[in-house]
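Below is one structure, written out as structure tokens, with a few remarks after it.
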Amino acid sequence: MNFEFIPENKRKFEEYLKRYPQKKAVLLPALWLVQEQQGWISPESMEYLAKLLDLSHAYIYETVTFYTMYNKKPIGKHHIQVCNSVCCWLRGSQETVEQIKKKLNIEVGETTTDKRFHLSTVECLGSCGTAPMMQINNDYYEDLTEAKIDKILKELK
Amino acid sequence: MELILSKNWGAPNRSAYASLQKLFKMTPAQVIEEVKASGLRGRGGAGFSAGVKWGFIPKDTKKPIYLICNFDESEPGTFKDRAIAEKDPHMMIEGMIIAAYAIGAHTAYIYIRGEFYKQWEIVEAALKEAAAKGFLGKNILGSKFDLDIYQHRGAGAYICGEETALLSSLEGGRGYPRIKPPFPAIEGAWGCPTIVNNVETLSNLPYIINNGAAAFKKFGTEKSSGTKLISASGHINKPGVYEVEMGLPIRTFVEEYCGGVWKGRKLKGLVPGGSSFPVLTAEEAYNVNLDFESCAAAGTSLGSGGFYVMDETTCMVRMLQFTAKFYEHESCGQCTPCREGTGWVSQIVKRIEEGNGRDRDLQLLIDVSNNMMNGRTICVFADALAMPVISYVTKFRKEFEEHVRLGKCPYASTMVR
Ligand SMILES: Cc1cc2nc3c(=O)[nH]c(=O)nc-3n(C[C@H](O)[C@H](O)[C@H](O)COP(=O)(O)O)c2cc1C
Ligand code: SF4
Ligand code: FES
Chain P
320 MNFEFIPENK RKFEEYLKRY PQKKAVLLPA LWLVQEQQGW ISPESMEYLA KLLDLSHAYI
380 YETVTFYTMY NKKPIGKHHI QVCNSVCCWL RGSQETVEQI KKKLNIEVGE TTTDKRFHLS
440 TVECLGSCGT APMMQINNDY YEDLTEAKID KILKELK
Chain W
1219 MELILSKNWG APNRSAYASL QKLFKMTPAQ VIEEVKASGL RGRGGAGFSA GVKWGFIPKD
1279 TKKPIYLICN FDESEPGTFK DRAIAEKDPH MMIEGMIIAA YAIGAHTAYI YIRGEFYKQW
1339 EIVEAALKEA AAKGFLGKNI LGSKFDLDIY QHRGAGAYIC GEETALLSSL EGGRGYPRIK
1399 PPFPAIEGAW GCPTIVNNVE TLSNLPYIIN NGAAAFKKFG TEKSSGTKLI SASGHINKPG
1459 VYEVEMGLPI RTFVEEYCGG VWKGRKLKGL VPGGSSFPVL TAEEAYNVNL DFESCAAAGT
1519 SLGSGGFYVM DETTCMVRML QFTAKFYEHE SCGQCTPCRE GTGWVSQIVK RIEEGNGRDR
1579 DLQLLIDVSN NMMNGRTICV FADALAMPVI SYVTKFRKEF EEHVRLGKCP YASTMVR
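In the order they appear, the protein sequences are chains P and W.
Those letters in the first sequence? Residues 320 to 476, per our numbering, in order.
Those letters in the second sequence? Residues 1219 to 1635, per our numbering, in order.
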């Protein structure tokens, strides 16, 4: 599938070019635009950015794979990322992970068959004071309890 | 107590940008002197004097100078910059204007971790508001000083908080740390002089300019002036972000701010400054104060103020296992001692926790850690795991030995909290 920025993103891309003394610096912001537009960073979108930014496809690929937040393949509509790092563990994040696994009937790293949910565990999200917590797409859900998780998952259906 | 950083939290910041009137009557050199005199030390982890760092910018440079606000905030236990951005983003922006003016930067970037999307939106709105009111852009308040501030989003890599990795990421590549020297103040972003300061460091500047260095120095201790935001988590009754005067005894902090250890349990240990620093036992902790020198004297660090507490039921082997897992996951992989060492430590601790440890594993952990430390790597990330490992293994040695002897974790039954 070919990739091209929608006009709105093309405009933002042009705007970003003015913010940095070198074109290459727009790579991360541009990758964010790609991900906003189609949910993941496809090989075609990397080709597209390579042309726009005069970078090699290999360079872009290397950069993309360094960062955990760029999706290298399409994932479920709602990407659930439970923090299972040091301080969240102290407040029971492992149970949170188990509860969500059971409710969605998937393992960590899997997508539900209806493609609605993808479950990951991640390292500290800077929300240790409201643990256990998770991020779903752009939103944080904090001070989780089992009842709260039920409600959140139901509302996202 | 009058607070510096959190005084506007919960109320709109009416006095925002008041310091700029005063700022533009000062010369940049005077601003640097004032900040030096205030004793303000970096709040991002290393505690280096802000004014001294600014002074490293070459005086005769023809290159552009850049200011970077480090809002990568990713160290387990640390969530205080986020509070500033959410509750008073203008304090941070005002601080950036002051710093940029002092060092002569006309372009500044806020490097914000990718996960902080809401905070990115809040800061984006605040930047627009500030620009609309003439506090950013060309000829700010008729001072002939120009400044543009842009946000640059990271994409999920703890190492990008390290200042040279941040620069690599800002320039559009993998977040690889670079060998120092050259220090960023001499050769930073795009080879130009660059100052990287933490969100909280910068947010102290409006107070210093408004009230003077002497007023700031009234807070805190001789070597740690001012206040510190402490983000408190773990086994306490009231987790949250608290502003304390530097020098507050840890016992007072735990009992009066954090509401004590939860569930009426006893304290087993705590980390005062983020996961990169050694753990303190309960006995040690209650003799330490929240300031740079007291924490250093106890062999740990106030670091970024990521304060987390472990109650008496906590398995310290598992605690170390989770700490090691973080570093194994986040190593950028450039240096062999770090890439291999973080993996080995993680595996060895896991095997001890799972009951498959051997007697010699404890010494092995110490040896591997020693091989990771003290300048064997490009950046200090490797030390940031090695020091905690040594602290857990030596201070809670009995627990590690018990795991090996029993062939299982004696705490397994208390896992469900
Ligand atoms: C592995 C590693 C991670 C770091 N992460 C951060 C961070 O998230 N935020 C931060 O302000 N400083 C972080 N630092 C410290 C920065 O390198 C730098 O010292 C700091 O931003 C300077 O600002 P300050 O002097 O105002 O503290 C980190 C350092 C290391 C070694
Ligand atoms: S010490 Fe670790 S994190 Fe730092 S540059 Fe080397 S491999 Fe990367
Ligand atoms: S450890 Fe989970 S948010 Fe920090």
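Cβ coordinates follow ideal geometry from the N, Cα and C atoms, glycine included.
Given the structure is predicted, the values throughout are model-derived calculations rather than measurements.
Residue i, DSSP secondary structure in three states
i, result
"W:VAL1249", "helix"
"P:LEU463", "coil"
"W:ASP1306", "coil"
"W:ARG1259", "strand"
"P:THR440", "strand"
"P:ASN321", "coil"
"W:MET1633", "Only weak support exists for where W:MET1633 lies, its pLDDT of 48 falling under 50; the value from the coordinates is given anyway. It is coil, neither helix nor strand."
"W:MET1371", "For the record, residue 1371 of chain W in the displayed sequence is Arg; it is not Met. Correct three-state label for W:ARG1371: strand."
"P:THR432", "coil"
"W:LYS1336", "helix"
"P:CYS402", "strand"
"W:ASP1366", "strand"
"W:PRO1467", "strand"
"W:MET1314", "helix"
"W:ASP1577", "coil"
"W:VAL1479", "strand"
"W:LEU1241", "helix"
"W:ALA1433", "helix"
"P:LEU372", "helix"
"W:HIS1621", "helix"
"W:LEU1221", "coil"
Residue i - containing alpha helix (DSSP H), residue span
i, result
"W:ARG1569", "1554-1571"
"P:ASN328", "326-336"
"W:GLY1269", "1268-1273"
"P:ILE419", "412-423"
"W:ILE1426", "1423-1429"
"W:ALA1514", "1510-1515"
"P:MET453", "Where P:MET453 is concerned, there is no enclosing alpha helix (DSSP H), although the beta strand (DSSP E) it sits in stretches over 453-455."
"W:ILE1608", "1599-1613"
"W:TYR1329", "Taken as a continuous stretch (DSSP letters only), W:TYR1329 belongs to no alpha helix (DSSP H), being part of the beta strand (DSSP E) at 1325-1330."
Test: residue i CB closer than 8 Å to a CB of chain W
i, result
"P:PRO326", "no"
"P:THR464", "no"
"P:LEU438", "no"
"P:PRO340", "yes"
"P:GLY358", "no"
"P:GLN418", "no"
"P:MET453", "no"
"P:LEU336", "no"
"P:PRO348", "yes"
"P:LYS476", "no"
Delimiting residues of the beta strand (DSSP E) encompassing residue i
i, result
"W:LYS1486", "1485-1489"
"W:PHE1525", "1524-1529"
"W:GLU1291", "That residue, W:GLU1291, is in no beta strand (DSSP E); it is neither H nor E in DSSP."
"W:SER1449", "1445-1452"
"W:MET1461", "In the sequence as presented, Met is not what sits at residue 1461 of chain W; that position holds Glu. Here the beta strand (DSSP E) through W:GLU1461 covers 1458-1463."
Check whether residue i and residue j have beta carbons under 8 Å apart
i, j, result
"W:CYS1556", "W:SER1564", "no"
"W:VAL1479", "W:VAL1472", "yes"
"W:GLU1389", "W:ASP1299", "no"
"P:TYR459", "P:SER439", "no"
"W:SER1587", "W:VAL1497", "no"
"W:ILE1566", "W:PHE1618", "no"
"W:ILE1302", "W:LEU1223", "yes"
"W:SER1443", "W:PHE1510", "no"
"P:LYS391", "P:LEU372", "no"
"W:GLY1295", "W:SER1493", "yes"
Short CB-CB distance (under 8 Å) between residue i and chain P
i, result
"W:PRO1402", "no"
"W:PHE1544", "yes"
"W:VAL1634", "Confidence in W:VAL1634 is poor, its pLDDT being 42 and thus under 50, which makes the residue's placement unreliable; the coordinate value appears in the next sentence. Taking Cβ atoms only, chain P reaches closer than 8 Å to W:VAL1634, which makes this a yes."
"W:GLY1263", "no"
"W:VAL1459", "yes"
"W:ALA1450", "yes"
"W:TYR1376", "yes"
"W:LEU1359", "no"
"W:PRO1395", "no"
"W:TYR1335", "yes"
"W:PRO1294", "yes"
"W:PHE1495", "no"
"W:PHE1266", "no"
Quick check for students: name the residue ranges of the beta strand (DSSP E) that lie wholly in the segment 1379-1416 of chain W, counting only runs of 3 or more.
1412-1416
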